[in-house]
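Asks: Listed in order, the protein sequences are those of chains A and B.
Everything in the first sequence is counted per our numbering, starting at 968 for the first residue and increasing by one.
Everything in the second sequence is counted per our numbering, starting at 23 for the first residue and increasing by one.
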Amino acid sequence: EAQVTQNPRYLITVTGKKLTVTCSQNMNHEYMSWYRQDPGLGLRQIYYSMNVEVTDKGDVPEGYKVSRKEKRNFPLILESPSPNQTSLYFCASSLWEGSYSPLHFGNGTRLTVT
Amino acid sequence: ILNVEQSPQSLHVQEGDSTNFTCSFPSSNFYALHWYRWETAKSPEALFVMTLNGDEKKKGRISATLNTKEGYSYLYIKGSQPEDSATYLCAPKGGSEKLVFGKGTKLTVNP
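(1) Which of helix, strand or coil does DSSP assign to residue 933 of chain A?
(2) Does the Cβ of residue 71 of chain B have 16 or more other Cβ atoms within 10 Å, making it buried, or fewer, making it exposed?
(3) If you measure between the beta carbons of residue 86 of chain B and residue 79 of chain B, is that distance less than 9 angstroms?
(4) Just tell me which of A:996, A:1066, A:983 and A:1052 has its CA closest to the CA of residue 52 of chain B.
(5) Can you pull the chain B neighbours of residue 1057 of chain A, defined as C-beta to C-beta under 7 angstroms?
(6) Whose CA, out of B:55, B:35 and B:24, lies closest to the CA of residue 112 of chain B?
(7) What separation, rounded to the nearest whole angstrom, lies between the Cα atoms of residue 117 of chain B and residue 133 of chain B?
(8) Is residue 105 of chain B helix, strand or coil when you go by DSSP?
(9) Please list the residues of the stretch 39 to 67 of chain B that have a C-beta atom closer than 8 angstroms to any C-beta atom in chain A, keeping them in chain order.
(10) Going by DSSP, name the residue or residues bridged to residue 68 of chain B.
(11) In chain A, which residues lie less than 9 angstroms from residue 130 of chain B when you measure between Cβ atoms?
(12) Would you check if the distance between the CB atom of residue 992 of chain A and the CB atom of residue 1057 of chain A is smaller than 9 angstroms?
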């Protein structure tokens, strides 16, 4: 089944404790992206990747890192999480960058930083 | 960053009603527009990708139109059912910009 798999679904952590949210897609998509969803705001892009070893900042990249060493995987790294990173996170992929190719979303990761 | 407005923010309708909502975006330098449906506790799912002025797309009881000259898209649902309850997101893209998501219209269909 074609899908984007994120793990974990739920995560509670403390300020400063490094964490990684994994994202994997099995559709051979070139484009992958991370978004965060906060109440009253639209989905905001954190980082994106056009292909292996090609990553770039989205609209809200501060406090996050990503890597794209393999086509299928695009982990999101929080080196030193802070409470303002408490949010719902989505990984998404598409055949190629954005416009004509719809995004396929993972199931989301709800992160709480205390 | 593109300014995207979706209206209304929320909508309650009765089962069987037809409804529509709007996505507004800057008309200059338009490239494409996506519609997504997002059910509670699930992830957004793509409904339509629209690119040409005058485009009309249809999927079952849901359809969408696009007017790039005036900068809006309408999403229509005919004969709403409780399973249509969801938040509907639009995401336009300007020429050199990335997709920008609106805040969505939350639809509740009462049985």
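Cβ coordinates follow ideal geometry from the N, Cα and C atoms, glycine included.
Replies: The relevant details are as follows:
(1) The question about residue 933 of chain A has no answer, for chain A in this structure spans 968 to 1081.
(2) buried
(3) yes
(4) A:1066
(5) 65
(6) B:55
(7) 42 angstroms
(8) helix
(9) 53, 54, 56, 58, 64, 65, 66 and 67
(10) B:58
(11) What residue 130 of chain B touches in chain A: nothing, since even the nearest Cβ is about 17 angstroms away.
(12) no
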